[in-house]
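Chains as they are written, first to last, in my numbering: chain V, 146 to 470; chain Z, 146 to 470; chain X, 3 to 271; chain E, 3 to 271.
Quick reminder that beta carbons are idealized off the backbone N, C-alpha and C, glycines included.
The block underneath contains the structure these notes are about, expressed in structure tokens.
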Amino acid sequence: MKSSQNKVTKLAAAITLLVKDNCHLSIGGFTINRNPMAAVYEIIRQKKRGLHLYAHSNGQGVDELVGAGCVTRLEIAYAGSGRFAPTCVRFRRAVEKGELKVEDYSNYQMTLRFMAGAMGLPFLPTRSGLGTDIIKHWGFDKALRKSDETLPDQKLTTIDNPFGDWCNSPKLVLVPAINPEVTIIHVQQADRRGNARIQGLTFADVEQAKAARHLIITCEELVEEDFLKQEPDRNQIPFIHVDAVVPIVWGAYPTACYKHYDYDPRYLNNYRLAAENEDKYQAYLIKKIMKTANHQEFIALNDDEHLKSLIADPETGYATGLKRN
Amino acid sequence: MKSSQNKVTKLAAAITLLVKDNCHLSIGGFTINRNPMAAVYEIIRQKKRGLHLYAHSNGQGVDELVGAGCVTRLEIAYAGSGRFAPTCVRFRRAVEKGELKVEDYSNYQMTLRFMAGAMGLPFLPTRSGLGTDIIKHWGFDKALRKSDETLPDQKLTTIDNPFGDWCNSPKLVLVPAINPEVTIIHVQQADRRGNARIQGLTFADVEQAKAARHLIITCEELVEEDFLKQEPDRNQIPFIHVDAVVPIVWGAYPTACYKHYDYDPRYLNNYRLAAENEDKYQAYLIKKIMKTANHQEFIALNDDEHLKSLIADPETGYATGLKRN
Amino acid sequence: MPPALKETKMMVKKETDYSLREMMAIAAAREINDGEIVFCGTGISMLAAMAAKNISAPQSTIFFETGAIDSRLEEVPLAVADSRVMHATAVNGGLAEAFATMQNRFTGSRVVGILGAAQIDIYGNLNSTVIGDYQQPDIRFSGSGGACDVASFVNRTIIFMQHEKRKFVEKLDYFTSPGWIDGPGGRKRIGLGPGGPETVITNLGILRFAQESKKMYLAATYPGVTAAEIQQNTGFTLDLGEAEEFPPPTAKELKILRERCDPQRLILN
Amino acid sequence: MPPALKETKMMVKKETDYSLREMMAIAAAREINDGEIVFCGTGISMLAAMAAKNISAPQSTIFFETGAIDSRLEEVPLAVADSRVMHATAVNGGLAEAFATMQNRFTGSRVVGILGAAQIDIYGNLNSTVIGDYQQPDIRFSGSGGACDVASFVNRTIIFMQHEKRKFVEKLDYFTSPGWIDGPGGRKRIGLGPGGPETVITNLGILRFAQESKKMYLAATYPGVTAAEIQQNTGFTLDLGEAEEFPPPTAKELKILRERCDPQRLILN
Numbered sequence: 146m147k148s149s150q151n152k153v154t155k156l157a158a159a160i161t162l163l164v165k166d167n168c169h170l171s172i173g174g175f176t177i178n179r180n181p182m183a184a185v186y187e188i189i190r191q192k193k194r195g196l197h198l199y200a201h202s203n204g205q206g207v208d209e210l211v212g213a214g215c216v217t218r219l220e221i222a223y224a225g226s227g228r229f230a231p232t233c234v235r236f237r238r239a240v241e242k243g244e245l246k247v248e249d250y251s252n253y254q255m256t257l258r259f260m261a262g263a264m265g266l267p268f269l270p271t272r273s274g275l276g277t278d279i280i281k282h283w284g285f286d287k288a289l290r291k292s293d294e295t296l297p298d299q300k301l302t303t304i305d306n307p308f309g310d311w312c313n314s315p316k317l318v319l320v321p322a323i324n325p326e327v328t329i330i331h332v333q334q335a336d337r338r339g340n341a342r343i344q345g346l347t348f349a350d351v352e353q354a355k356a357a358r359h360l361i362i363t364c365e366e367l368v369e370e371d372f373l374k375q376e377p378d379r380n381q382i383p384f385i386h387v388d389a390v391v392p393i394v395w396g397a398y399p400t401a402c403y404k405h406y407d408y409d410p411r412y413l414n415n416y417r418l419a420a421e422n423e424d425k426y427q428a429y430l431i432k433k434i435m436k437t438a439n440h441q442e443f444i445a446l447n448d449d450e451h452l453k454s455l456i457a458d459p460e461t462g463y464a465t466g467l468k469r470n
Numbered sequence: 146m147k148s149s150q151n152k153v154t155k156l157a158a159a160i161t162l163l164v165k166d167n168c169h170l171s172i173g174g175f176t177i178n179r180n181p182m183a184a185v186y187e188i189i190r191q192k193k194r195g196l197h198l199y200a201h202s203n204g205q206g207v208d209e210l211v212g213a214g215c216v217t218r219l220e221i222a223y224a225g226s227g228r229f230a231p232t233c234v235r236f237r238r239a240v241e242k243g244e245l246k247v248e249d250y251s252n253y254q255m256t257l258r259f260m261a262g263a264m265g266l267p268f269l270p271t272r273s274g275l276g277t278d279i280i281k282h283w284g285f286d287k288a289l290r291k292s293d294e295t296l297p298d299q300k301l302t303t304i305d306n307p308f309g310d311w312c313n314s315p316k317l318v319l320v321p322a323i324n325p326e327v328t329i330i331h332v333q334q335a336d337r338r339g340n341a342r343i344q345g346l347t348f349a350d351v352e353q354a355k356a357a358r359h360l361i362i363t364c365e366e367l368v369e370e371d372f373l374k375q376e377p378d379r380n381q382i383p384f385i386h387v388d389a390v391v392p393i394v395w396g397a398y399p400t401a402c403y404k405h406y407d408y409d410p411r412y413l414n415n416y417r418l419a420a421e422n423e424d425k426y427q428a429y430l431i432k433k434i435m436k437t438a439n440h441q442e443f444i445a446l447n448d449d450e451h452l453k454s455l456i457a458d459p460e461t462g463y464a465t466g467l468k469r470n
Numbered sequence: 003m004p005p006a007l008k009e010t011k012m013m014v015k016k017e018t019d020y021s022l023r024e025m026m027a028i029a030a031a032r033e034i035n036d037g038e039i040v041f042c043g044t045g046i047s048m049l050a051a052m053a054a055k056n057i058s059a060p061q062s063t064i065f066f067e068t069g070a071i072d073s074r075l076e077e078v079p080l081a082v083a084d085s086r087v088m089h090a091t092a093v094n095g096g097l098a099e100a101f102a103t104m105q106n107r108f109t110g111s112r113v114v115g116i117l118g119a120a121q122i123d124i125y126g127n128l129n130s131t132v133i134g135d136y137q138q139p140d141i142r143f144s145g146s147g148g149a150c151d152v153a154s155f156v157n158r159t160i161i162f163m164q165h166e167k168r169k170f171v172e173k174l175d176y177f178t179s180p181g182w183i184d185g186p187g188g189r190k191r192i193g194l195g196p197g198g199p200e201t202v203i204t205n206l207g208i209l210r211f212a213q214e215s216k217k218m219y220l221a222a223t224y225p226g227v228t229a230a231e232i233q234q235n236t237g238f239t240l241d242l243g244e245a246e247e248f249p250p251p252t253a254k255e256l257k258i259l260r261e262r263c264d265p266q267r268l269i270l271n
Numbered sequence: 003m004p005p006a007l008k009e010t011k012m013m014v015k016k017e018t019d020y021s022l023r024e025m026m027a028i029a030a031a032r033e034i035n036d037g038e039i040v041f042c043g044t045g046i047s048m049l050a051a052m053a054a055k056n057i058s059a060p061q062s063t064i065f066f067e068t069g070a071i072d073s074r075l076e077e078v079p080l081a082v083a084d085s086r087v088m089h090a091t092a093v094n095g096g097l098a099e100a101f102a103t104m105q106n107r108f109t110g111s112r113v114v115g116i117l118g119a120a121q122i123d124i125y126g127n128l129n130s131t132v133i134g135d136y137q138q139p140d141i142r143f144s145g146s147g148g149a150c151d152v153a154s155f156v157n158r159t160i161i162f163m164q165h166e167k168r169k170f171v172e173k174l175d176y177f178t179s180p181g182w183i184d185g186p187g188g189r190k191r192i193g194l195g196p197g198g199p200e201t202v203i204t205n206l207g208i209l210r211f212a213q214e215s216k217k218m219y220l221a222a223t224y225p226g227v228t229a230a231e232i233q234q235n236t237g238f239t240l241d242l243g244e245a246e247e248f249p250p251p252t253a254k255e256l257k258i259l260r261e262r263c264d265p266q267r268l269i270l271n
């Protein structure tokens with residue numbers, strides 16, 4: 146699959162093929178930017194269950210998957226959508242109700258865990274976390290970890306620096322690698338073989354992509370290979386990592402896609418309001434997601450003028466002057 | 146220094162100020178590409194002695210510094226200049242004569258050592274080297290390492306994976322961080338504050354740059370800050386790491402600078418021939434380096450037509466059709 | 003919130019021409035030195051960094067954990083991943099680069115981090131994860147995000163807090179981010195480098211940490227707030243002896259904050 | 003070089019229309035499967051990868067430790083850092099990315115590495131560091147470079163060697179890069195993953211490793227070379243029983259190698 150010359154796939158087919166119930170999935174993006182939302186909604190439509198989800202500081206994608214009941218276990222550093230939801234609402238509710246098992250790490254620890262996976266290493270070290278409850282409290286206990294070979298045997302561990310006090314670091318936290326079965330990221334441009342270019346901040350998407358056994362790339366624009374190869378310094382992901390390429394405009398909506406469109410403040414605010422009320426949330430799920438056949442229909446729920454207001458200014462990369470209250 | 150708004154410095158002044166006798170220096174580039182040669186020659190002119198040099202797979206810059214007697218200790222993965230000198234000649238001679246203490250690592254180990262330095266970590270792990278003499282034989286022995294606090298107490302060490310067999314890695318090699326006192330790299334573009342853009346492969350330059358206490362950037366082009374900020378996705382080094390910016394055209398010559406000029410096969414071949422003979426080498430040193438006041442004079446030893454033949458084709462980034470025998 | 007505090011809050015709002023959030027943003031901005039690298043999180047900390055850059059620290063560098071360095075903020079971002087932080091940066095990297103910059107001693111030692119939290123203890127240790135039992139929490143928050151990393155790595159931190167007794171506690175429900183740990187030498191004992199919390203900015207005043215004991219003390223009260231009121235809203239005993247009255251925002255500070263940093267009042271309201 | 007070998011070399015050159023270097027490059031190219039990711043070093047290994055891509059494995063991906071992936075090689079590079087490897091790649095990264103790709107099991111398992119060395123032992127372990135004592139070497143070579151890394155990480159390696167007794171040795175003067183270590187299970191015992199040397203291509207013939215013992219055996223001789231000559235130039239005992247005669251380069255292979263890969267004969271000569 147990864148050596149195919151043409152990996153262009155329909156979204157529904159890619160999700161059906163690669164995202165199985167109970168699988169270990171990671172999604173890219175950060176809070177309200179470049180979440181692979183089209184894929185997230187398709188996973189919800191296909192009623193995937195029991196997902197073991199890895200995310201970073203994420204945000205809309207995580208909250209929707211959790212809210213729709215797709216996720217059983219979550220490993221994450223931060224579940225928030227910036228000013229639109231300092232703590233993701235459905236996430237908070239699921240944790241407080243005991244419906245979601247969470248393993249907490251810091252942002253850098255999660256970055257290093259994906260980076261270790263991408264580097265083919267079992268762990269990476271950091272000083273972050275020394276002395277804190279992130280080390281002491283485990284969301285997944287020893288028994289669970291022992292019973293499930295898809296989990297490392299420890300949440301993390303600390304060691305004495307084998308090089309003494311080299312770099313003034315007497316102790317280090319070691320965080321275990323993540324190698325998701327599937328990673329899904331949304332990028333600005335990709336070609337048929339899977340070479341991909343992210344514009345703006347890459348967050349931890351590149352590490353998440355390379356750490357995964359299978360990689361689905363959704364992209365705003367499908368471009369010619371020669372176009373990407375003209376400026377390879379601007380590309381981050383070579384095709385050798387990629388299983389499926391799904392061209393899908395507005396693929397990150399309602400989160401932002403730098404240089405293409407902004408996040409949709411109206412949608413995100415309405416989402417939060419719906420998420421805070423059980424009935425409203427079920428109505429939201431049905432109306433917005435389950436009753437739209439695909440992302441195109443979902444996007445078409447917006448009138449053109451509203452969508453136009455979100456289009457990024459080519460200079461700044463966001464919708465300058467967008468009303469964001 | 147690092148927060149100055151204008152770090153533009155003359156090369157001689159930057160070297161005088163930051164590269165002291167016996168200091169720990171690292172130079173960027175790889176074999177015959179983007180070595181900071183103008184800086185290397187200036188170090189030779191200033192007769193620096195006792196340098197502890199870190200390099201990667203380098204190449205022309207290392208061999209000239211070693212040949213000129215500037216270097217006492219060298220930590221390196223590969224001392225070669227591709228087809229022009231599969232093993233660097235003056236390096237080989239110095240090692241065989243016992244004039245140069247060398248600590249051997251693999252390429253990835255050196256990359257990880259610089260990366261650890263850049264990440265503020267005392268070490269990074271890898272599986273590379275398990276079972277080999279790179280682990281067993283130390284160029285710098287325990288006594289030397291104990292007597293010199295600028296060196297880690299071990300060349301490297303191996304540990305059992307604290308996460309059992311997670312990622313099928315029962316054992317890991319840990320390589321200690323390098324934090325050079327000074328790193329010098331040559332880049333295509335930089336601004337006065339020190340923001341820098343490398344075109345083409347970055348080798349390990351970014352890691353070397355960020356690992357260092359002080360950083361000198363030599364650049365082909367001094368550009369406006371706004372120019373670099375228009376496409377920040379293409380920049381690698383933010384000004385916060387940088388101490389001095391030295392604009393110097395042909396600054397990597399006789400090694401290549403992608404999109405600017407190619408390596409000079411005639412120079413590199415002549416260099417090898419000179420390097421193989423003691424008298425010729427001393428004559429080379431005097432004529433080419435010590436008797437030229439600066440890099441401009443050194444470059445002016447070439448006639449314009451020859452230099453013109455090395456200019457990179459804007460499309461491919463190298464001198465297409467260059468006679469390279 | 004106790005009735006006394008509500009009154010105080012309204013009093014401040016009525017007697018002067020600035021809100022408490024404005025006061026807090028300006029107080030933090032004044033803590034930033036010119037030339038520093040300023041790590042900001044979402045919300046008021048971003049506004050503080052923007053205010054500092056536009057008022058008193060024009061050579062400070064705004065820096066986000068998402069990988070943006072020296073962002074040119076023409077509109078206030080509503081998250082650290084907002085596309086607004088990507089505009090005209092020095093480099094657009096990712097999280098790996100951003101946290102390495104903080105863990106790296108040559109750069110990390112020049113970073114000031116601005117953080118918020120749900121709970122703080124007398125040594126400035128922070129909780130941003132849960133209230134109640136970790137396994138069955140009464141309230142679940144977002145989690146560490148970059149807070150633990152920043153608090154572990156950088157030279158000094160400034161912390162925003164809502165000043166309530168249940169937030170200034172003897173013992174954190176969950177210890178997310180390290181402050182001075184358990185007092186002098188605490189960071190070193192657990193393996194951390196120098197650094198640590200310097201200032202806590204609340205809706206009632208400014209608190210700092212004693213040089214010797216590393217314990218939080220009251221450094222300043224806002225106009226119209228008394229030291230006793232602050233103690234009343236704090237779950238541990240504060241040294242009140244050093245408290246001064248905080249100089250309120252100047253007209254110039256307010257003008258820049260309102261007109262230049264957040265004209266839409268996306269954060270200020 | 004023993005006289006017998008010199009003769010052989012000249013004989014081959016005379017009797018046929020190809021040089022030994024051409025034979026070696028073609029032999030290696032034939033080892034590469036379509037769709038594989040080909041790691042190449044400097045010199046003849048690069049030529050082998052170019053030949054494979056242009057002849058039999060058009061979907062193979064050329065990949066350099068310097069960080070270039072899927073380079074469009076229009077001229078033969080003279081070093082792995084040659085600007086020619088940077089042209090029209092999929093991504094221009096650095097060493098960190100390149101070696102991570104090899105250490106990463108999902109990608110590393112699809113990489114075939116082409117290496118050279120100064121010495122090889124019967125298990126395909128390599129020396130590219132020194133001849134003689136490590137502290138006071140008789141001959142110093144370049145050192146590992148990426149060789150140890152590639153040999154540690156990737157699925158399989160192809161090794162180029164000059165066939166001389168002092169290069170095919172019982173015991174390496176320095177063990178730079180792991181092959182099969184000390185036989186079956188050797189890699190696993192020291193903590194390495196699967197992978198290991200598959201083929202050794204010399205100026206006399208082709209050697210492979212026995213499935214069971216992991217010992218090198220003679221798989222093929224070049225036209226005009228006898229198995230006995232090869233044993234004579236090898237410092238350990240080879241199983242010669244499987245040796246076949248190697249099919250010489252075809253006219254098509256030679257034409258592409260010469261005209262498309264190295265028309266200036268920068269590597270071939």
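Inset, instruction - Determine, using beta-carbon pairs with one atom in the region 295-315 of chain V and one in the region 122-141 of chain X, whether at least three such pairs fall under 8 angstroms. - result: Not touching, per the Cβ criterion.
Legend entry - Contact between the region 400-413 of chain V and the region 167-186 of chain V (3+ Cβ pairs under 8 angstroms): Touching, yes.
Inset, instruction - Could you give the DSSP three-state label for residue 171(Z): helix, strand or coil? - result: In the structure shown, residue 171(Z) sits in a strand (DSSP, three-state: E or B).
Legend entry - Beta-bridge pairing of residue 207(E) - partner residues as DSSP gives them: The beta-bridge partner set that DSSP reports for residue 207(E) consists of 223(E).
Inset, instruction - Figure out for me which residue from 147(E), 46(E), 195(E) and 185(E) has the closest Cα to the Cα of residue 108(E). - result: Proximity to residue 108(E) across 147(E), 46(E), 195(E) and 185(E) peaks at 195(E), based on C-alpha coordinates.
Legend entry - Beta-carbon gap between residue 172(Z) and residue 214(Z) smaller than 8 angstroms: Contact flag unset, no.
Legend entry - 3 or more residues per run - each beta strand (DSSP E) lying fully within the region 151-200 of chain X: Listed in chain order, the complete beta strand (DSSP E) runs (minimum 3 residues) inside the region 151-200 of chain X are 158-163.
Inset, instruction - Whole angstroms is fine: what's the gap from residue 466(Z)'s alpha carbon to residue 264(E)'s? - result: Each residue's Cα considered, the two are about 12 angstroms apart.
Inset, instruction - With DSSP as the reference, please indicate the residues paired to residue 255(V) in a beta bridge. - result: Within the DSSP bridge table, the entry for residue 255(V) names no partner.
Legend entry - residue 426(Z) (DSSP reduced to helix, strand or coil): If DSSP states are grouped into helix, strand and coil, residue 426(Z) belongs with the helices.
Legend entry - Sheet register partners of residue 34(E) (DSSP bridge): DSSP, once it has assigned bridges, lists no residue as partnering residue 34(E).
Inset, instruction - Find the nearest neighbour of residue 257(Z) within the set 348(Z), 284(Z) and 208(Z), judged by alpha-carbon distance. - result: It is 348(Z) whose Cα lies nearest to the Cα of residue 257(Z).
Inset, instruction - Identify, in the order they occur along the chain, each residue of the same chain with its Cβ nearer than 8 angstroms to the Cβ of residue 6(X), setting aside the five sequence neighbours on each side. - result: Confidence in residue 6(X) is poor, its pLDDT being 41 and thus under 50, which makes the residue's placement unreliable; the coordinate value appears in the next sentence. Excluding positions up to five away in sequence, the list reads 231 and 234.
Legend entry - Nonlocal neighbours in the same chain, by C-beta distance under 7 angstroms from residue 247(E), ignoring five residues either side: Leaving aside the five residues that flank residue 247(E) on each side, the residues in its chain whose CB is nearer than 7 angstroms to its CB run, in chain order, 222, 223 and 225.
Inset, instruction - For residue 7(X), name the three-state secondary structure that DSSP assigns. - result: Any reading at residue 7(X) is ruled out, since the residue's pLDDT is 44, under 50, leaving its predicted position unreliable.
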